[in-house]
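In what follows, a single structure is set out as structure tokens and then discussed.
10 protein chains.
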Amino acid sequence: MSTQPSKELETFPNPRPERDFVLHMRVPEFTCLCPKTGQPDFATIYLDYVPDERCVELKSLKLYMWSFRDQGAFHEAITNEMLDDLVRATAPRYMKVTAEFYVRGGIYTTVVAEHRKPGWQPEPKVELA
Amino acid sequence: MSTQPSKELETFPNPRPERDFVLHMRVPEFTCLCPKTGQPDFATIYLDYVPDERCVELKSLKLYMWSFRDQGAFHEAITNEMLDDLVRATAPRYMKVTAEFYVRGGIYTTVVAEHRKPGWQPEPKVELA
Amino acid sequence: MSTQPSKELETFPNPRPERDFVLHMRVPEFTCLCPKTGQPDFATIYLDYVPDERCVELKSLKLYMWSFRDQGAFHEAITNEMLDDLVRATAPRYMKVTAEFYVRGGIYTTVVAEHRKPGWQPEPKVELA
Amino acid sequence: MSTQPSKELETFPNPRPERDFVLHMRVPEFTCLCPKTGQPDFATIYLDYVPDERCVELKSLKLYMWSFRDQGAFHEAITNEMLDDLVRATAPRYMKVTAEFYVRGGIYTTVVAEHRKPGWQPEPKVELA
Amino acid sequence: MSTQPSKELETFPNPRPERDFVLHMRVPEFTCLCPKTGQPDFATIYLDYVPDERCVELKSLKLYMWSFRDQGAFHEAITNEMLDDLVRATAPRYMKVTAEFYVRGGIYTTVVAEHRKPGWQPEPKVELA
Amino acid sequence: MSTQPSKELETFPNPRPERDFVLHMRVPEFTCLCPKTGQPDFATIYLDYVPDERCVELKSLKLYMWSFRDQGAFHEAITNEMLDDLVRATAPRYMKVTAEFYVRGGIYTTVVAEHRKPGWQPEPKVELA
Amino acid sequence: MSTQPSKELETFPNPRPERDFVLHMRVPEFTCLCPKTGQPDFATIYLDYVPDERCVELKSLKLYMWSFRDQGAFHEAITNEMLDDLVRATAPRYMKVTAEFYVRGGIYTTVVAEHRKPGWQPEPKVELA
Amino acid sequence: MSTQPSKELETFPNPRPERDFVLHMRVPEFTCLCPKTGQPDFATIYLDYVPDERCVELKSLKLYMWSFRDQGAFHEAITNEMLDDLVRATAPRYMKVTAEFYVRGGIYTTVVAEHRKPGWQPEPKVELA
Amino acid sequence: MSTQPSKELETFPNPRPERDFVLHMRVPEFTCLCPKTGQPDFATIYLDYVPDERCVELKSLKLYMWSFRDQGAFHEAITNEMLDDLVRATAPRYMKVTAEFYVRGGIYTTVVAEHRKPGWQPEPKVELA
Amino acid sequence: MSTQPSKELETFPNPRPERDFVLHMRVPEFTCLCPKTGQPDFATIYLDYVPDERCVELKSLKLYMWSFRDQGAFHEAITNEMLDDLVRATAPRYMKVTAEFYVRGGIYTTVVAEHRKPGWQPEPKVELA
Ligand SMILES: [Ca+2]
Ligand SMILES: [Ca+2]
Ligand SMILES: [Ca+2]
Ligand SMILES: [Ca+2]
Ligand SMILES: [Ca+2]
Ligand SMILES: [Ca+2]
Ligand SMILES: [Ca+2]
Ligand SMILES: [Ca+2]
Ligand SMILES: [Ca+2]
Ligand SMILES: [Ca+2]
Ligand SMILES: [Ca+2]
Ligand SMILES: [Ca+2]
Ligand SMILES: [Ca+2]
Ligand SMILES: [Ca+2]
Ligand SMILES: [Ca+2]
Ligand SMILES: [Ca+2]
């Protein structure tokens, strides 16, 4: 695996596919370009998912995030694109991408998109006291 | 698009209308006038919505917020007016406006109003562990 | 309207009665007397409600809060009394009073009481991702 | 009422028994002894309840908390014992005791136990926007 | 019980098995090795459970956590392994293990896995105002 | 000592007058009246001092703070008056009164006044790494 | 005194001119216009001073802050202008104006300017342990 | 060394007496009795010192803190007593005891006392940018 | 002025050169490249200065920060280079650059460098109570 | 450079030796063993220094921190040993090591040791308003 920015997401087999478990990943170092002005945008990306057969490999996720550094992208489009890429690579039971952008024009914008595998149902939540 | 305060809200086509995704916007720089005393009021405005065919354009939202600067408006009325304007411009699946006003007479007031497109149902929420 | 403490709560017509919207009010400056010892008690009062035909006028709410300054009142009783007074004045769809008292005998006490208009149902909550 | 530690919990009549209202009490000054080593343990105790006919008197609750000062008690057992004592004294509609213990062996332990009066149902929760 | 790292988890009888109560445990001092690079990883471990017949003994839990100090383990695998070990030792009604790992490659990862005893149902949650 | 508001400050002999030591006291429950409008003002009072022969008695300080409840007083004047009263009662080596008032007209005001015993010098401060 | 924005600052006699005491004032509701773009700027203003013969009147300070609402002003210039106006009105022993501006172009700017009365010396600071 | 509360403070030789270095110790679990009412008091104790020939042994410090559990002691006196005991045991170059007591009568009290070895001078502080 | 990244720093005349005043600027959106690995580095930059004849223009500072986006630079070198560039452009009385880098290898690094104009002395600091 | 734990500290030439600048480094992932019990200890290490001819290389510092993983060491001794090693490797103008240990026996301990190059003087600190 090179250490170049890359759109290819590596995966590895889920070590416990018989159980629905959850992965939360926070990526505070994300930058892309504004497609209108060409100026840098900054964001924190959150990835939350329930893996099925494959998990995202950590270093490859980092290189994937890096791959947006010189890419122009609207807030709404880039969040959906990330979700599409990650779903294509891992075919998860559930996945959510949250992109928390830095202030522009005095306004803070966060975009959230999620994917559910057809037929998959979360187990009813146990809420402890 | 001018850089004058404006009640006209620009929109652009939703890049992913086949998916219910969420936009959270926070506007910490908002001021209007008290209709009783004419004195300035200050607030932070929150906009949360699920777009249908159109998204709110960021710069135009900023000019829209600016348009209240010289307008007298009661807390309860202005929050509902904003929601009406934004719903008219974007016809969203779901939208919520929250206006968190600065203290007056020793009392902090927040007003929250929401709109739901008839027939639209949110997908059952997945609550991860 | 005088600027004397007053048990009379002024109201004004709800500017948008066709929509269920929410008002949150926080009153950090509240003091009354302990009915057992006569010593001052301090609290922060929270008022959350969905108006029906009438909204509470802000200045009158402040004078109402002031009216407890020389009144002896147990924690449990005063919270219910406030709710009764505010419900009588505004006949809201929903109302909740929370009284967060300052420490006494090393113990922090908060009392919460709510009222629901018979037959009124909250719209099913939309929980965004 | 003496100012000695005491297992006896005083109560007073609920001033508004026709309404389900809530009491939250936080007791940050609690200490008992570890039954294995005899060394002091420290905790913060939280009491949350919906009274039925009787409320817990504040000063008596303080003396009750004091009564554990020289008592050896395991984390799991003491939390359940407190709940049993408080339920016996007040026969509440609902009650929860939370004991947040200070670190031991590098591990922080919190124990939560609750009681529900048979047949009592909480009103469906109103979640405001 | 020795003070050596140990995979053996001691338990003791649940003092109140007729009641569903909850234990929350936080272990901020956890370290293992990255199986790819051999370098140290650090995490905070959270254990939340409803005991059935047995509770985890605190000191033994500490020695168990210590036992990972020289063990290579992937984030996803180690969290599931811990849950398996703890379930085997205590056969709880419900158990959840959360492992919050320290940043690697600029990414923070948290893994959450839970176990439910077949047939066990949590009591419907009482949400107080 | 009565439990009535009182301008009389009780004192007791400094237990260690041969050493310059420091007392910090924070009084978050303070209220007086605005002399212009008669409306309540709220503040947190801080007292910091190096005692000489006498220390302020805690309960008497509480009753002294209570004595301002029905007194009209400007922010600047009341802070200096408190300092004068406390200096008269204890003749300290050093004393500072800080009054942090609640917002009025959108402005937060804090007033700080201090007294130094003639000829007294603080020991040069040891600032640890 | 009118309730119109006004550049005139009212003062009143210092109630304790024989003592150097300190006033801290925080004004979180301040807005002016950017002289280059005409767009609104927002800031929090802090005023710290040691009065000599005159103190700033609170309501007049609020109207003075309001007077900048329609005024174009660079960050550096407006802070110095405020200090000049306040010094002219009160001739203090010491005064400092801090203007903490809201983010522009991704950069947060704070400007601080101070004035010292010629010949005035602060008392050597007493730093308590 | 026993595990009984004990007024005897164990020490060990300073491993680096040729260098002035600093020890900060925080003891959040401290309780004693109020000498007037016999009721429990709680505090957090801070110990900061520059050792000379001897350092305080950690476990012995814990047992020393425990020794106050059944002792009546005024805030001002107990802080000075601790400092005296710790100075006697370790004869440090510099030592400071801070006792932050829990609220009583609505007032939070902190007492700070320090000792300096005659002739000892702290090195002039290096304040980094 | 273009909206391209640029090493040229625009300045404007100090509006109040006869007074030593202070500018604090915080730039949370900064990224450059690691010269060893070519991978992105992220930092928050702080600029604090006392202007002499010239002030840094805000938009030009933003473009200057952008100019490092594709530049390889060691933490220690880049901080000193920024200070050199900013001093050359503005010749300030005093300037400090602080670069707070994001974690690498589990270690957080901050670099601070400052410049003082020969012969310039800060006024003795007034520390208010 | 290997990726094994190592006591050898790599350095590189200071890129700007003609200027006194400051490096702050925070290492939250540190663990060693208690020399008395053999059990793990955890700490956060802070390194602050003014380099002279050499700077500490980041990766080598990480491997150095790793080298304590299997080493028994008292709090006071290990902090001084680190300072000695780092001073030997870099011969800095000024260096400070702070070791903030995790709670043991209910007590939090922090040790701070510093080194000054003979004859070196810090520039008088500029404290901005
Ligand atoms: Ca809990
Ligand atoms: Ca709200
Ligand atoms: Ca989580
Ligand atoms: Ca509550
Ligand atoms: Ca969100
Ligand atoms: Ca505690
Ligand atoms: Ca208050
Ligand atoms: Ca320290
Ligand atoms: Ca604001
Ligand atoms: Ca202190
Ligand atoms: Ca405590
Ligand atoms: Ca710093
Ligand atoms: Ca960032
Ligand atoms: Ca202050
Ligand atoms: Ca840690
Ligand atoms: Ca500042």
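Taken in sequence, the protein lines are chains A, B, C, D, E, F, G, H, I and J.
Position one of the first sequence corresponds to residue 224 (my numbering), numbered consecutively onward.
Position one of the second sequence corresponds to residue 224 (my numbering), numbered consecutively onward.
Position one of the third sequence corresponds to residue 224 (my numbering), numbered consecutively onward.
Position one of the fourth sequence corresponds to residue 224 (my numbering), numbered consecutively onward.
Position one of the fifth sequence corresponds to residue 224 (my numbering), numbered consecutively onward.
Position one of the sixth sequence corresponds to residue 224 (my numbering), numbered consecutively onward.
Position one of the seventh sequence corresponds to residue 224 (my numbering), numbered consecutively onward.
Position one of the eighth sequence corresponds to residue 224 (my numbering), numbered consecutively onward.
Position one of the ninth sequence corresponds to residue 224 (my numbering), numbered consecutively onward.
Position one of the tenth sequence corresponds to residue 224 (my numbering), numbered consecutively onward.
Note that beta-carbon positions come from the ideal geometry of N, C-alpha and C, so glycine has one too.
Check: Near-chain A residues of the stretch 286 to 312 of chain I - C-beta to any C-beta below 8 Å; Outcome: 289, 292
Check: Host beta strand (DSSP E) of residue 323/F (start-end); Outcome: 317 to 324
Check: Three-state class that DSSP yields for residue 349/A in the structure shown; Outcome: coil
Check: Start and end residues, beta strand (DSSP E) containing residue 242/F; Outcome: It is not in any beta strand (DSSP E) - residue 242/F carries neither H nor E in the DSSP assignment.
Check: C-alpha distance - residue 338/F paired with residue 328/F, whole-angstrom precision; Outcome: 30 Å
Check: Closer than 7 Å at the beta carbon, the chain G residues around residue 333/F; Outcome: 247
Check: Span of the beta strand (DSSP E) around residue 280/D; Outcome: First-last for residue 280/D: undefined, no H or E at that position.
Check: Between the CA atoms of residue 288/E and residue 229/E - distance to the nearest angstrom; Outcome: 8 Å
Check: Residue span of the beta strand (DSSP E) that contains residue 336/I, given as start and end; Outcome: 331 to 339
Check: Cβ distance (whole Å) where residue 281/A is taken to contact residue 334/E below 8 Å; Outcome: Wrong, their Cβ atoms sit about 12 Å apart, outside the cutoff.
Check: is_contact[residue 250/B, chain F] using C-beta, thresh 8 Å; Outcome: no
Check: Option in 352/B, 231/B, 253/B, 299/B with minimal Cα separation from residue 266/G; Outcome: 253/B
Check: Burial state of residue 263/B, where buried means 16 or more other Cβ atoms lie within 10 Å; Outcome: buried
Check: Counted within 10 angstroms of its Cβ, other Cβ atoms place residue 258/B as buried (16 or more) or exposed; Outcome: exposed
Check: Beta carbon proximity, residue 322/C to chain D, threshold 8 Å; Outcome: no
Check: Identity of the residues DSSP links to residue 327/G by a beta bridge; Outcome: 330/G
Check: Any chain G beta carbon closer than 8 Å to residue 348/F; Outcome: yes
Check: Own chain residues within Cβ distance below 8 Å of residue 261/I, not counting five before or after; Outcome: 295
Check: Strand pairing of residue 267/B, partner residues [DSSP]; Outcome: 323/B
Check: Touching by the beta-carbon criterion (3+ pairs, under 8 Å), the stretch 296 to 313 of chain I and the stretch 227 to 242 of chain J; Outcome: yes
Check: DSSP-derived helix/strand/coil call for residue 374/C; Outcome: Lying outside 224 to 352, the shown extent of chain C, residue 374/C is not represented and no answer is given.
Check: Inter-residue spacing [alpha-carbon to alpha-carbon] between residue 268/I and residue 283/B; Outcome: 30 Å
Check: 9 Å Cβ cut-off: residues of chain C touching residue 242/D; Outcome: 303, 306, 336, 337, 338
Check: Residue-level contact to chain E via CB, residue 263/J, 8 Å cutoff; Outcome: yes
Check: Burial state of residue 311/G (16 or more Cβ within 10 Å); Outcome: exposed
Check: Alpha carbon of residue 224/E to alpha carbon of residue 270/H, nearest angstrom; Outcome: Summary for residue 224/E: the model assigns pLDDT 46, below 50, so the residue's position carries little reliability, and this model does not support an answer.
Check: Proximal residues of chain J, C-beta to C-beta of residue 282/H below 8 Å; Outcome: 328
Check: Whether residue 273/G touches residue 244/G by CB criterion (8 Å); Outcome: yes
Check: Which residues DSSP lists as bridging residue 273/B, in chain order; Outcome: 317/B
Check: is_contact[residue 238/C, chain F] using C-beta, thresh 8 Å; Outcome: no
Check: For residue 253/D: DSSP bridge partner residues; Outcome: 266/D
Check: Cutoff 6 Å; reference residue 332/H; Cβ partners in own chain excluding five residues on either side; Outcome: 298, 324
Check: Interface flag, residue 315/H vs chain F, CB-CB below 8 Å; Outcome: no
Check: C-beta atoms of residue 320/A and residue 336/A nearer than 8 Å; Outcome: yes
Check: Cβ-based burial, residue 285/J [other Cβ within 10 Å; buried from 16]; Outcome: buried
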